[in-house]
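The sequence shown runs 5 to 253 under this note's numbering.
Beta carbons: idealized from backbone N, C-alpha and C, even for Gly.
As the structure is a computational prediction, the values presented were derived from the model and not from experiment.
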Amino acid sequence: MSSTADVESAALDLVEARIETVTPVRLAPGTHHFSTDELAELNRRFEHAPAGTIIRWAHETFGAGLCLTASMQDTVLIDLAVKVDPTIEVVFIDTGYHFPETLATAEAVRARYGLNLNIVSASVPLDDRWLDDPDGCCQVRKVQPLDQALAGKSAWLSGLRRDEASTRAAAPIVSRDRRGLVKVNPLAGWTHDDVAGYAADHDLIANPLLAEGFPSIGCWPCTRKVKDGEDARAGRWTGFAKTECGLHD
Numbered sequence: 005m006s007s008t009a010d011v012e013s014a015a016l017d018l019v020e021a022r023i024e025t026v027t028p029v030r031l032a033p034g035t036h037h038f039s040t041d042e043l044a045e046l047n048r049r050f051e052h053a054p055a056g057t058i059i060r061w062a063h064e065t066f067g068a069g070l071c072l073t074a075s076m077q078d079t080v081l082i083d084l085a086v087k088v089d090p091t092i093e094v095v096f097i098d099t100g101y102h103f104p105e106t107l108a109t110a111e112a113v114r115a116r117y118g119l120n121l122n123i124v125s126a127s128v129p130l131d132d133r134w135l136d137d138p139d140g141c142c143q144v145r146k147v148q149p150l151d152q153a154l155a156g157k158s159a160w161l162s163g164l165r166r167d168e169a170s171t172r173a174a175a176p177i178v179s180r181d182r183r184g185l186v187k188v189n190p191l192a193g194w195t196h197d198d199v200a201g202y203a204a205d206h207d208l209i210a211n212p213l214l215a216e217g218f219p220s221i222g223c224w225p226c227t228r229k230v231k232d233g234e235d236a237r238a239g240r241w242t243g244f245a246k247t248e249c250g251l252h253d
């Protein structure tokens with residue numbers, strides 16, 4: 005059976021000749037909301053659709069009101085998105101605590117694609133808040149900058165996947181976030197092997213820390229290598245009852 009990545013590659017090479025066409029849902033000017041029933045229908049229709057089809061729908065539906073958020077862990081979503089819209093805005097949150105490898109990856113990706121890269125940063129100085137208040141640290145260094153970057157947008161693409169952690173196992177493909185924006189997870193149904201396969205087949209740039217035992221890469225104070233048998237996000241916020249940074253709440 006072909007993997008999701010294999011299907012995606014073939015679909016792109018054949019200019020979607022073998023992809024099921026999904027009619028865009030056109031929003032009236034100034035409206036950015038779907039009803040609960042409409043979201044359920046979109047998720048049903050997209051559950052087995054290639055990521056490229058989902059991204060194309062989002063682009064045709066939201067136009068310049070759509071952006072993409074990237075952690076610079078892998079670059080699969082970026083590669084897929086720029087094939088649909090080379091000018092799509094890519095938001096990268098610089099927390100001030102990124103590994104040097106992550107920052108280098110961001111610059112390498114910008115150079116390869118000529119990205120419309122919007123680097124947003126926290127408005128507070130560096131401190132040690134992460135030592136005893138990781139939730140508060142994530143709030144001011146990740147969540148608030150993302151809120152600012154999404155101001156004026158209608159929708160955003162995220163690389164969130166269901167296989168990353170039990171907390172993400174039921175992630176929908178299309179949802180409405182706490183801001184009222186439409187959030188689209190084109191890779192929700194992809195597995196780690198799908199991502200790795202697509203990256204290898206297309207010679208994509210990847211954060212070198214992935215090959216060093218860091219399957220989930222965040223800020224250096226709160227990220228450790230993962231042990232055998234642990235899930236991909238087990239190396240985040242060790243010692244705290246915390247599994248998410250708040251970006252996907």
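Spell out the partners DSSP gives residue i in its beta bridges.
i	result
serine 125	Asp98
serine 179	Lys187
asparagine 120	Glu93
cysteine 71	Glu93, Trp160
Could you check the C-alpha separation between residue i and residue j for me, to the nearest Å?
i	j	result
alanine 44	aspartate 132	42 Å
glycine 140	tryptophan 134	8 Å
tyrosine 117	valine 86	8 Å
threonine 25	threonine 57	Residue placement at threonine 25 is poorly supported in this model, since its pLDDT is 37, which falls under 50; the coordinates are not used for a value here.
phenylalanine 66	tyrosine 101	32 Å
alanine 74	alanine 126	16 Å
valine 80	tryptophan 224	22 Å
glycine 222	arginine 165	16 Å
glutamine 152	leucine 46	27 Å
leucine 107	isoleucine 59	26 Å
valine 188	arginine 114	22 Å
glutamine 143	aspartate 41	31 Å
aspartate 232	aspartate 207	27 Å
alanine 68	lysine 157	8 Å
alanine 203	alanine 112	15 Å
leucine 150	aspartate 205	31 Å
serine 179	serine 220	23 Å
aspartate 98	glutamate 51	32 Å
glycine 163	histidine 37	21 Å
glutamate 168	tryptophan 160	20 Å
proline 176	valine 124	26 Å
Please return the same chain residues whose Cβ sits closer than 7 Å to the Cβ of residue i, not counting the five positions on each side in sequence.
i	result
glutamate 105	Asn211, Pro212, Leu213
histidine 63	Leu70, Val88, Asp89
leucine 130	Gly100
threonine 337	Here the chain has residues from 5 to 253 only, and residue 337 is not among them.
Starting from residue i, trace the alpha helix (DSSP H) both ways and give me its first and last residue.
i	result
arginine 48	40-50
isoleucine 221	Where isoleucine 221 is concerned, there is no enclosing alpha helix (DSSP H), given that its DSSP letter is neither H nor E.
isoleucine 209	Run containing isoleucine 209: none; DSSP gives neither H nor E here.
alanine 169	That residue, alanine 169, is in no alpha helix (DSSP H); it is neither H nor E in DSSP.
glycine 140	138-142
alanine 85	80-88
histidine 37	No alpha helix (DSSP H) holds histidine 37; DSSP gives it neither H nor E.
phenylalanine 66	55-66
alanine 296	Here the chain covers residues 5 to 253 and nothing more, so residue 296 does not appear.
Excluding the 5 residues flanking residue i on each side, which residues of the same chain have their C-beta closer than 6 Å to its C-beta?
i	result
alanine 173	Arg166
leucine 31	Because leucine 31 carries a pLDDT of 41, less than 50, the predicted location of this residue cannot be relied on, and no value is offered for it.
Does residue i get closer than 9 Å to chain D when you measure Cβ to Cβ?
i	result
alanine 153	Although the question refers to chain D, the structure presented lacks it and comprises just one protein chain.
Return the chain-ordered list of same chain residues with a C-beta closer than 8 Å to the C-beta of residue i, the five sequence neighbours on each side being excluded.
i	result
asparagine 122	Cys71, Glu93, Val94, Val95, Phe96, Ala153
lysine 229	Glu216, Gly217, Phe218, Gly239
aspartate 137	none
asparagine 120	Thr91, Ile92, Glu93, Val94
valine 199	Ala9, Asp78, Val80, Arg165, Leu191
threonine 27	In this prediction, threonine 27 has a pLDDT of 36, which is less than 50 and means its spatial position is unreliable; nothing more can be read from the coordinates.
What do you reckon, is the C-beta of residue i under 8 Å from a heavy atom of the ligand FMN?
i	result
arginine 60	Ligands are entirely absent from the displayed structure, and the ligand FMN is therefore not among its contents.
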